[in-house]
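One structure below.
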Amino acid sequence: MRRPDKTVVVAAFIAWLTIPLLLMMLGVESRFLELEKRSPASLPSNAVSRLADSLFYTEVAAAFRDRVPLRVPALGLDAWIDLEIFGDSPNPEVLIGSDGWLFDRQSVIGVCEKPIQPRRVVANFVEISRVLRASGRRFVVVVAPNKEAIYPERLGAAGPLAHCAQEWRQEIRALLSSADLPDYIDLWGAMEGLKARANEDIYWPHDTHWTSESAIEVSRLIVEQLRPGLWDDGVVRSRPHSSPGDLASKIGLPTSIERTLYEVERDVRVKIVARKKGRLRRLSTVGKNQRRFKPNVLSIYDSFGLRYLGMLPQFLRRSTWVSWRGLPNGKLTSIIDEFVRANVVVLESVERSLASRFSGSARNVPAHLIAALLDELPRTALAPSALPDGAFDLPPAGTDSSRYVVFDIGPLVDEATALRIRAAAQDSDGTWGHVAIHVVKSPQGERRVVVRLSATARAVRIRPPKLDVGDVSLVDL
Amino acid sequence: MVVFSSIEFLFLFLPLLLGLYRLVPRRFENGVLLLASLLFYTWSGGAFVAILAVSIVVDYFAGWLVAWARDHDHRRALRLGVGLSVSVNLSLLAFFKYANFFVQQFNDLGATLGLGTIAWTNIGLPIGISFFTFQSMSYTLDLARGRAEHLRSPLDFALYVALFPQLICGPIVRYHEIAAQIRDRHSRLDEMAEGAVRFLHGLVKKVVVADAAGALADAVFGLPSDQLNTATAWLGVSAYTLQIYFDFSGYSDMAIGLGRLFGFTFPENFRRPYSAISITDFWRRWHITLSSWLRDYLYIPLGGSHGGVAATYRNLVIVFLLTGFWHGANWTFLVWGAFHGVLLVIERVTGQRPVETATFTGLRRLMVLLLVMLGWVIFRADSVTHAVELYAAMFSFSGFDLAPVVAVAMTHRVAFITALASLVVLLPRDFVAGPQLVSGRGAAFTMGRVVWLGCGALIATTLIASGNFSPFLYFQF
Chain L
0 MRRPDKTVVV
10 AAFIAWLTIP
20 LLLMMLGVES
30 RFLELEKRSP
40 ASLPSNAVSR
50 LADSLFYTEV
60 AAAFRDRVPL
70 RVPALGLDAW
80 IDLEIFGDSP
90 NPEVLIGSDG
100 WLFDRQSVIG
110 VCEKPIQPRR
120 VVANFVEISR
130 VLRASGRRFV
140 VVVAPNKEAI
150 YPERLGAAGP
160 LAHCAQEWRQ
170 EIRALLSSAD
180 LPDYIDLWGA
190 MEGLKARANE
200 DIYWPHDTHW
210 TSESAIEVSR
220 LIVEQLRPGL
230 WDDGVVRSRP
240 HSSPGDLASK
250 IGLPTSIERT
260 LYEVERDVRV
270 KIVARKKGRL
280 RRLSTVGKNQ
290 RRFKPNVLSI
300 YDSFGLRYLG
310 MLPQFLRRST
320 WVSWRGLPNG
330 KLTSIIDEFV
340 RANVVVLESV
350 ERSLASRFSG
360 SARNVPAHLI
370 AALLDELPRT
380 ALAPSALPDG
390 AFDLPPAGTD
400 SSRYVVFDIG
410 PLVDEATALR
420 IRAAAQDSDG
430 TWGHVAIHVV
440 KSPQGERRVV
450 VRLSATARAV
460 RIRPPKLDVG
470 DVSLVDL
Chain F
0 MVVFSSIEFL
10 FLFLPLLLGL
20 YRLVPRRFEN
30 GVLLLASLLF
40 YTWSGGAFVA
50 ILAVSIVVDY
60 FAGWLVAWAR
70 DHDHRRALRL
80 GVGLSVSVNL
90 SLLAFFKYAN
100 FFVQQFNDLG
110 ATLGLGTIAW
120 TNIGLPIGIS
130 FFTFQSMSYT
140 LDLARGRAEH
150 LRSPLDFALY
160 VALFPQLICG
170 PIVRYHEIAA
180 QIRDRHSRLD
190 EMAEGAVRFL
200 HGLVKKVVVA
210 DAAGALADAV
220 FGLPSDQLNT
230 ATAWLGVSAY
240 TLQIYFDFSG
250 YSDMAIGLGR
260 LFGFTFPENF
270 RRPYSAISIT
280 DFWRRWHITL
290 SSWLRDYLYI
300 PLGGSHGGVA
310 ATYRNLVIVF
320 LLTGFWHGAN
330 WTFLVWGAFH
340 GVLLVIERVT
350 GQRPVETATF
360 TGLRRLMVLL
370 LVMLGWVIFR
380 ADSVTHAVEL
390 YAAMFSFSGF
400 DLAPVVAVAM
410 THRVAFITAL
420 ASLVVLLPRD
430 FVAGPQLVSG
440 RGAAFTMGRV
450 VWLGCGALIA
460 TTLIASGNFS
470 PFLYFQF
């Protein structure tokens, strides 16, 4: 290198290294966090006593990274290079479709990476529905279609990635439609119909969610499902509205897109009656001469349902709203008491989360509901059989029914004993085999052992034999 | 962990250190660098800085003893000094790096044979221990051989061991290579310019190239075996071949550049290794400082090639088994080392060694590259079983569709960068970009510096700012 070259190189290098720090010292702040929707990491305390703790430096680094200026232009340039030069997504979690449409990667290929049988998911819905219906409640199921389910043609080059998810969707859609779910609302069909007649896109091109026009349609369908004739199209108002888009923010290029915002404006006042830990809201409506659905509604919703949170309550006299995000570990069993309080449960889940929400722990929900609602369920008391070891004979069951036996073991059973409880069932060929149990505490404080049995089971027993078993009930649903 | 390509290092640690280093009188320069180096290590390794301190204290004392023994021709004291240094450093390595592995093997064997197991809590790995122990040992070994003079100041010696640019990832600087620079060096415009160019060159290699290839390699190596096919496996191995070279050599370039900024001249660590025309040649080009260290302090003391044919082969295999094991406590690294050792023996047997007049050099390069790639499979695999699955997929010649995860990782940017990097790897063998960019004169080199370093550094900055950086691969060794 010649000397002038060296001077230029060193000057440029020093400038590159020092400008962010100098700007920071001059008070220029990072706007990066606006995109991330969070507060900056705080500076660590107790610096002197933690000098040998690498976590201390990690905290310093995090605080510095959050405050260093020029991150937004850098992020924007990086996104621009990816998008405009290479036609790539700047964030691997976001897929670039055609005509500027963005898609959530996990939504498009999630079920391909972690395949979960649709049959298992639907079976859980059916079990929950049967328990609720048997107790006199209604169970309205709505599945918000993924964006790519309604706009597959916008996937562009990412289209081939969605094949296995499409197969999964077709299977679960068919299963849900034919399942024993009388209050299931097919939103895939509804959204396809709306797409065909709508003037605007019914999902945001740069966001994972549907637009307010879709939310209005879903509100209408739910209201009509609850009480036909209650919906009134005259209450829908519209005005221009723009949204930055969650997927656009994720790739570092938030862009405002304008669409028509639809809102419901009824002559009612929605009041928040109670709020629990920011995850539960009880609403009631006040308004004269406005027809409303009187039974108590429990609505479980996610970010799609959030879009109709401003609409649906206007048609409900009393409703309780619980977000999936607010459920501890995403478990429905944590709000069993809310199911008990409700007359109608409206459960909404986006398609992409079905597999995770209704496979693992969701299998426990029917047992918890049975334990909680036992007094409201049609049941038969079982008497001890002539068989040894305290077994109970079972009458024949219908082939398509869900059969449960509930053992009341009183409120005093300790945890250690509860953990040792096992159950076995005798099959039609006379053999005994272990069956899964759920030891559940009912809202009344009773401990109950709930055993799910097959239709071919002839008898059932639980261990340890010295367990002080009270009533034993057979619940056929 | 702080890495050279992190925001906090580039825009906080480095500018503050450079500023302070320029401000203090020359006699305090080593003190400033030592403090910064210890801070750098503590930032990454926390309380493990104590292990570094133990190595420094023991080797300073051992070095003093060796120097005294050499001056007084006292052979027993000399052996004692060398023995102390080698045994303490190897014990540190054995305990912190290999104890978990050996206990695991013992317990697995004990469980299989029903002999019981040892209760053991896994020990954390002090970052860079493989590098600083080797470097520290070279001090006493060089003193014992009379290749350098004893450092009187313990602070100067501590700086030699702990000097942050090469502390945790090399190059392994043998003491005699840097002894004079510890006490007397210059850092003016020339050194600053050379250091800046070399540092930026390494940064671009690491952040722009290695991380792009790494995204692809990670996607393939993370696949379950049922999703592996021939095309996917070869793509993954090729991507990893690029990743490990650009990652490690990029780090070495940055370390050499940082050293230059403070007036040090570190030895080169890479010289176009994928242009090698034999495995022997490869090891003269790949991780040169480790090869040199093992040659000087292990292979030659074992007898080198002077003990007859069988002894030479034995020495080669021993050295390469240990080379493999140096990289990590896992069977995969041992197999990788053995693979290279056996290849070197085969080359000796067949006479396929590098010669100036070799014919079919292009073909030989491809053959060597293929063998090296086969070696990288076992090196990168999580286990020997995982490697076997990958080999099976590579040579089953079945399936040429990419798994969805890999297809998503294979963006246009990644494809472009990896294709370009592959071309660079296959360039004529005498062009080594790092040193050439520093010393090259003329319009072409000026243009190269502007385009490669100017644009490259800008792109690297945007990638770093958007959080797309990953820790260096060699930190785990």
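As they're listed, the protein sequences go chains L and F.
Those letters in the first sequence? Residues 0 to 476, by numbering that gives the first Met the number 0.
Those letters in the second sequence? Residues 0 to 476, by numbering that gives the first Met the number 0.
Heads up, the beta-carbon is just placed ideally off N, CA and C, and yes, glycines get one too.
Could you tell me the alpha carbon to alpha carbon distance between residue i and residue j, rounded to whole angstroms?
i      : j      : result
L/Y307 : L/R238 : 16 Å
L/T455 : L/H437 : 20 Å
F/F471 : F/E346 : Its pLDDT being 46, under 50, F/F471 is placed unreliably in this model, and the value from its coordinates should be taken loosely. Spanning the two alpha carbons is a distance of roughly 32 Å.
F/W381 : F/T331 : Here residue 381 of chain F is Asp; the residue named in the question, Trp, does not match the sequence. Approximately 8 Å between the Cα atoms of the pair.
F/A480 : F/R184 : This structure cannot speak to residue 480 of chain F, because chain F is shown only from 0 to 476.
F/G62  : F/G80  : 7 Å
F/L92  : F/S129 : 7 Å
L/S128 : L/G233 : 33 Å
F/L362 : L/G109 : 44 Å
F/G109 : F/N99  : 15 Å
F/Y244 : F/R379 : 13 Å
F/V387 : F/F324 : 19 Å
L/S358 : F/N268 : 53 Å
F/L343 : F/L422 : 27 Å
F/V450 : F/V172 : 31 Å
L/R291 : L/T254 : 39 Å
L/L131 : F/L373 : 60 Å
So for residue i, helix, strand or coil by DSSP?
i      : result
F/F156 : helix
L/W209 : strand
F/T132 : helix
L/R291 : coil
F/Y480 : The structure shown does not extend to residue 480 of chain F, since chain F spans only 0 to 476, so no value can be given for it.
L/S472 : strand
L/S318 : strand
L/I271 : strand
L/R265 : coil
L/A122 : helix
F/I126 : coil
L/D336 : helix
L/E191 : helix
L/Y300 : strand
Does residue i pass the burial test, meaning 16 or more other C-beta atoms within 10 Å, or should it be called exposed?
i      : result
F/R25  : exposed
L/K146 : buried
F/V308 : exposed
L/K276 : exposed
L/P19  : buried
F/C168 : buried
L/N198 : exposed
L/R168 : buried
F/V437 : buried
L/A133 : buried
F/D107 : exposed
F/L141 : Sequence check: residue 141 of chain F is Asp here, not Leu. Burial call: buried.
L/W323 : buried
If you scan the region 399-450 of chain L from start to end, which runs of the alpha helix (DSSP H) of 4 or more residues do you find wholly inside it? 414-419
Mind the definition here: the region 222-237 of chain F touches the region 154-164 of chain F only if three or more C-beta pairs lie below 8 Å; say whether that holds. no
Can you give, in chain order, each stretch of the beta strand (DSSP E) that sits fully within the region 211-260 of chain L and has at least 3 residues? 235-242
Every unbroken alpha helix (DSSP H) within the region 412-472 of chain F, with a cutoff of 4 residues, ordered by chain: 432-438, 442-447 and 455-464
Contact between the region 436-450 of chain L and the region 349-359 of chain L is defined here as three or more beta-carbon pairs at a separation below 8 Å; is this criterion met? no
Across the region 305-323 of chain L and the region 278-285 of chain L, are there enough close Cβ pairs to call them in contact, namely three or more that are closer than 8 Å? yes
Please list the segments of the beta strand (DSSP E) lying wholly inside the region 4-70 of chain L, counting only runs of 3 or more residues, in order along the chain. none
Any 3 or more C-beta pairs closer than 8 Å across the region 95-104 of chain L and the region 193-209 of chain L: yes
Can you find at least 3 beta carbon pairs, one from the region 195-207 of chain F and one from the region 289-308 of chain F, that sit closer than 8 Å? no
Three or more C-beta pairs below 8 Å linking the region 361-374 of chain L and the region 338-347 of chain L: yes
Sequence ranges, alpha helix (DSSP H) only - wholly within the region 61-117 of chain F, length at least 4: 74-92 and 98-112
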